[in-house]
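Visitor: Residue numbers (my numbering): 1 to 838.
For every residue, glycine included, the Cβ atom is placed at its ideal position computed from N, Cα and C.
These numbers were taken from a predicted model, which means no experiment stands behind them.
1) Kindly provide the ranges of any beta strand (DSSP E) runs that are 3 or more residues long and lie completely inside the region 174-223, ordered along the chain.
2) Decide if residue 202 is buried, meaning its Cβ has at least 16 other Cβ atoms within 10 Å, or exposed.
3) Go through its chain and collect everything with a Cβ distance to residue 665's Cβ below 8 Å, but skip five positions before and after it.
4) Along the chain, which unbroken stretches of the alpha helix (DSSP H) at least 4 residues long are found entirely within the region 345-416?
5) Go ahead and pull the three-state DSSP assignment for residue 626.
6) Shortest alpha-carbon distance to residue 404 belongs to which of 398, 413 and 360?
7) So, using beta-carbon positions, are residue 806 and residue 608 closer together than 7 Å?
8) Please report the distance separating the alpha-carbon of residue 752 from that of residue 545.
9) Does the region 235-243 come within contact of the region 291-302, defined as at least 3 CB pairs closer than 8 Å?
10) Using CA coordinates, which residue listed in 343, 365 and 344 is at the minimum distance from residue 353?
11) Can the beta-carbon of residue 600 be found less than 7 Å from the beta-carbon of residue 590?
12) Give me the Cα-Cα distance between residue 547 and residue 592, rounded to the nearest whole angstrom.
13) Do you know offhand how far residue 362's Cα is from residue 408's?
14) Which residue's Cα is closest to the Cα of residue 440: 422, 411, 341 and 432?
15) Note the first and the last residue of the continuous alpha helix (DSSP H) segment covering residue 722.
16) Which residues mark the beginning and the end of the beta strand (DSSP E) in which residue 566 is found?
17) Thinking C-alpha only, which one of 133, 209 and 55 is nearest residue 194?
18) Going by other Cβ atoms of all chains shown within 10 Å of its Cβ, with 16 needed for buried, is residue 489 buried or exposed?
19) Taking the runs of the beta strand (DSSP E) that are 3 residues or longer, which of them lie wholly in the region 736-800?
20) Give the single residue among 29, 792, 69 and 39 whose Cα lies nearest to the Cα of residue 474.
21) Can the beta-carbon of residue 152 be found closer than 7 Å to that of residue 123?
22) So, at 6 Å on beta carbons, what are the nonlocal neighbours of residue 431 in its own chain, with the 5 sequence-adjacent residues on each side left out?
23) Answer yes if the region 770-780 comes into contact with the region 731-749, meaning at least three C-beta pairs across the two stretches below 8 Å, and no otherwise.
24) Assuming residue 262 contacts residue 135 under a Cβ cut-off of 8 Å, what Cβ separation, rounded to an integer in Å, is found between them?
25) Note down, in chain order, each residue of its chain lying with its Cβ closer than 7 Å to the Cβ of residue 604, except the 5 sequence neighbours on either side.
26) Run the CB neighbour count on residue 222, radius 10 Å, all protein chains shown included, and call it buried at 16 or more, exposed below.
27) May I have the straight-line CA-CA distance separating residue 828 from residue 801, to the nearest angstrom?
28) State the beta-bridge partners of residue 154 as determined by DSSP.
29) Just to confirm the assignment: which complete beta strand (DSSP E) runs, minimum length 3, are found wholly within the region 539-618?
30) According to the Cβ coordinates, are residue 265 and residue 206 closer than 7 Å?
31) Can you name, in chain order, every residue of its own chain whose Cβ lies under 7 Å from the Cβ of residue 672, other than the five neighbours on each side?
32) DSSP on residue 295, reduced to helix/strand/coil?
33) Please name the residue in 188, 187 and 144 whose C-alpha comes closest to that of residue 167.
34) On the DSSP letters alone, give me the boundaries of the alpha helix (DSSP H) that residue 656 sits inside.
35) Would you check if the distance between the CB atom of residue 723 and the CB atom of residue 733 is smaller than 7 Å?
36) Is it buried or exposed, residue 790, if we count other Cβ atoms within 10 angstroms and call 16 or more buried?
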């Protein structure tokens, strides 16, 4: 393994080193190419600068040509006018010419002048013009000396400001035509100048005076003029050549400088910053360096990551090999093509089937080493169609245990079909693992448990039969004695009625005495029972604490979970540990056997307000169980099918433990279930009241007054007793001798005329539970509205469960306690009026 680790590490290092070298070569090549591109860009920049300055110089020459044309045409017009016109006429004619010339030049404000026979004429009247002594100025003498040629010269006005004049004159007549070129005229002329971004342009006359400039510098005008004059001087002195020299501008930025001389001697200068042309190039450099740096970081990260991955691969490979060794056979199944690939197989199967082939051929090989029943169930559970269905439902672990022949002996084997996200959607893995040792241990354990449970069940049935009979036989005369005694002690009881009551009490007392004499001894069954730790507990609080973690788990899995508590006594004597064990098993099953979207309802309620029996219900809408499986539910490790989803098969020891605990506590458990619809578990457990003096809540005697009640009991004395007790409290009583008569009376009654039914359980013809269920099933609106209370000598937990399943609202034990009965009826009437009973 160490050698494999070193080889893997060296391979990863070599791969990353090659990547780094390749990346470095690419970086150098790109860097060299970008340097070459930079030089080419500079050459193109200089070429563009020369072309632009030549273009600007041509524009200046065109402007100068316009001025020359205006002046020459003015001279010609003036000469032709001198021959035939007076000075005033000539002046008017020249003014008209100058206006037209200004408009034609594109600068309507252009100032044109003419000197005619010693008189100065302008385009527009100018104040003080007639006082201007032009004859004694140097510029005028220079114009006349030029002998008709157009010259450009400087003039200083009276304020000392300097501007340029374009002029031509005739020395013989002392006549001249000139144009004042002011600063605003140069600005107007260059308004259409299209410079590169951040470019600067300067125009100088032959004497080096700055005629015009435009520059992107945020400094005062004097600083710009000084800077421009310095550039002009350096050009004249030869310090700056016209080969694309670089200068530093007022912003400290490098610029290329380009210049050209106009035909009249003027000098045009243009500067362009390198940054403008190279902005895009610099951005490319930044992007390239950034991307390269990111790539380098990624390569380094991948380099380190690959080293760690190599180590992980080595360790993972060792783990996978160890896991694979737990299976003696592994097959890859292609569900789409219906083929298999034997990754690992037993020696026997390698002789029976090829390493690759059709799925059905593989199943034939499996079937040949098991019995016929197992083979048939295997073909059904692991058919190609069923496996595709499992894959579509994402049931990731499906399988089961079976016996097969291995080397001539019967061995237990676990067969499982596994799907996983790491496989394609049409692939699955079929694995086989030998579990003979643990299976034999489980079978031995199961047999021991079954034997112990059978013994306990037989003992339980014997006890229940004895106590049920004894309770019923004793409660019947006791109920008569106590009831008749209560009636006889009433101050309003007539004497003849009292004597009748006393005779009946004597008869029932003798009957009960005979029963007592026949009971020799009642033995407690203690062998095999776990000690029960009874102490004062808050049942509501403890129940909530037990259920809440399972509720949170269910909600986290996308299931609905509702908790309902309806008890009148929170403080009781009980064993929290045993209650927790019972509820944990029931709630664990409810969460386990429900799917996302299903609901779970957990209920705790008292059988009656003063009853010591508490009914716990766990109901879900999960996968449920078949009716055939219910009798085996409490058998350890029982399951519906040999093969199935592991999360949905097998009861383990949970329900067997629940059954044992409920029995030890003197309780009862009942399970009803339908496959595909859900399961309902009802557990009845007794909890002794806390031995403290409590003031009972007194029910209002008027709470049952004027109610219509149906009293059902096969014992005439019991029926008479209950009827008389209820009549004393203002109740309108209708008697019935058995469940069938009660059903017929209710059928014939007007709708909602019967408020309450007091129902005995053990009666001939039709018992109380059957009668209650039949009443609830009637097609009339008050069938589920009427209150049905079981009043019976049968007070065991299984009797309470029977009344719940039959649809009764409460269970009370004989002899009847009128206070308890009134309180129970009052509570149920309140629930019905509040919409609790439907």
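Guide: Reading it off the structure:
1) 175-181, 200-204 and 210-214
2) buried
3) 532, 575, 578, 685 and 686
4) 347-352, 359-367, 372-381 and 384-392
5) coil
6) 413
7) no
8) 41 Å
9) no
10) 365
11) yes
12) 15 Å
13) 21 Å
14) 411
15) 716-728
16) 560-566
17) 55
18) exposed
19) 756-759 and 787-792
20) 792
21) no
22) 327, 330 and 416
23) yes
24) The Cβ separation is near 31 Å, so there is no contact.
25) 543, 565, 567, 614 and 616
26) exposed
27) 18 Å
28) 164
29) 560-566, 571-574 and 599-606
30) yes
31) 680
32) helix
33) 144
34) 654-664
35) yes
36) buried
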